[in-house]
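Take 1456 as the starting number for the sequence shown in the numbering used here and just add one per residue.
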Amino acid sequence: MNPAAMSLAQARFQAALTPGASTAPLALSQLLTQLSTDSQLQAFDAEPIGHSTGDEFPFLPYMYAMGTPPDAAASEAWEAAIRWLLTALRNWDASVGNSLNKLRAMLGAITALDANLAGLSGVATQVASTQLITGLRHLIESTDVGPGFNEWRFPEFRQQIESLASSGNLERLWQMVPHMNVFPSSDFRSAVVFMFNAEPAELAAIIESRNDVLFSLMICSVLGMQAVVLASRVNNLVFKFVSVANSCQDRSAGPGQSIQSTLQALLLQVAQTSAADWAAWMQALFKAPGHNPSLDAALGSVLQQLSQAHWTAFFKALSLNYSHRAAAPVANILVPFANSTNAAGKALIWATAHQVWSDWGYGKHEGDSAMFAPAACALDFPVAMYYSSLQIHDRLAEESKLQEAIETVEQEWFNSVTELVTERNRLKSRLRLVQHGVALANGSNQPLPPPVQPDADLYVQARYHYHDVTIF
């Protein structure tokens, strides 16, 4: 949606709060008359009235696409229709016949007159009434998620995602969120946006009561990045997670300080839950950092408020075997901690990272983990910081030990040349971080060591089959 169109809609909705001309859209007026005379309808679809209402204002598609404002006459007619709808919503009466369907019709119409519901968002608190909030709550509560495209597989699909959520398999849920097709109707969209702006606590209570993954996603698809703001009010970890997962898929919103601070609050809330919940979040969101700068920055901002157990879960979540591209994002996450004055905390977090890295050992205890060149990994920065924090003699002793092991590696027995080359490259990878720790201790301002390079000696290159797969 064009930002200029959203600004125009906001201005017209604000103007519609003041006294002035008020005219119901023709198609809506006819539908409301029909609903007043008909008996209660068993099924009602608000989409057609949205299309019909939009057709009465032909300038809207051009405004949405180009941000082109309408002429004075069209603008007055647009404002008059908005004013009528806002007044009708404020005065909505639940006691009249077909009241809920009338509400749905008006919500569908006002969605058609808005631009991404930016106008309604700005006036919701001024239009809200007790009866209207009650009606919106009933509408949202009674809305179910339809099957979308794959109707015949929908029951199986729904059971699968509910099982993933209940078992805490958030990593798999994260992978599925972009492929979950939910289609909120126009009246549901405007009802959710209205409630979010006028009574967010009521909306949070509805989400908690439903406790449904697809319903949560449908709410998030309506609110977009604002769902993360709502999530801090919702006592439901799955909704919190879905709001973050959905926001990471929202390409229309760039990183911002407001969303980062909201993500910080969410991470701190999750940190206060169980260790298993925190570990599941880390595994799902930080296996390969770097894809969401706001989320990475949020974690970096709260690390000092967390415990060693939280840090360990973060480091263990990183996919170390395939993580050379994550070295810089992880460094960016940890640099604020490194620049802090928390000396004890820094010593502990570097030691924690070093322990996870050392236990991993560049896949030494895993099958099929051949290395044909020294490798970078996600933990390059914290491990180098660990070595930089050691006493000089300890650092030099570690460097000397690794250099000697590299020089004498052929004195050990290996079952194949591949095993020999792999062990040598593991040692070279460790030495690389020790040497960068020396550089950091000597005042280097580069968080990461230089890129891996082949040995200068051509014989060594040929002997140990140097081939750096991380360039791909």
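Where is the CB? At the ideal position from N, CA and C, for every residue including glycine. Predicted, not measured: the structure shown is a model, and the values here were computed from it.
| query | result |
| --- | --- |
| Test item: CB-CB of residue 1472 and residue 1578 under 8 Å | yes |
| Spatial distance of residue 1740 from residue 1545 (CA atoms) | 42 Å |
| Through-space distance from residue 1488 to residue 1552, alpha-carbon basis | 11 Å |
| Minimum C-alpha distance to residue 1898 - residue among 1864, 1840, 1854, 1587 | 1840 |
| At least 3 beta-carbon pairs within less than 8 Å: the region 1654-1664 vs the region 1520-1531 | no |
| Residue 1588 and residue 1643 closer than 8 Å at C-beta | no |
| C-alpha distance - residue 1678 paired with residue 1649, whole-angstrom precision | 11 Å |
| Where residue 1466 falls: helix, strand or coil (DSSP) | helix |
| Identity of the residue in 1755, 1796, 1767, 1808 nearest residue 1787 by Cα | 1755 |
| Residue 1836 to residue 1785 span [Cα, whole Å] | 8 Å |
| N-terminal and C-terminal residue of the alpha helix (DSSP H) that residue 1801 is part of | 1798-1815 |
| Residue 1882 vs residue 1913 beta-carbon contact at 8 Å | no |
| Residue 1638, DSSP secondary structure in three states | coil |
| For residue 1720, the nearest candidate out of 1555, 1689, 1529 (CA to CA) | 1689 |
| Residue 1469 versus 1458, 1535, 1528, 1457, residue with shortest Cα-Cα distance | 1535 |
| Continuous alpha helix (DSSP H) stretch holding residue 1483: start and end | 1481-1492 |
| C-beta contact flag for residue 1693 and residue 1671 at 8 Å | yes |
| Residue 1738 (DSSP reduced to helix, strand or coil) | helix |
| Cβ contact (3+ pairs, closer than 8 Å) linking the region 1808-1827 and the region 1859-1866 | no |
| The ligand ADP heavy atom lying under 7 Å from the CB of residue 1659 | With respect to the ligand ADP, the structure offers nothing, as it holds no ligand at all. |
| Bounding residues of the alpha helix (DSSP H) (the contiguous stretch that carries residue 1841) | 1835-1843 |
| Minimum Cβ-Cβ distance from residue 1911 to chain C less than 8 Å | The chain inventory of the structure shown lacks chain C, comprising one protein chain alone. |
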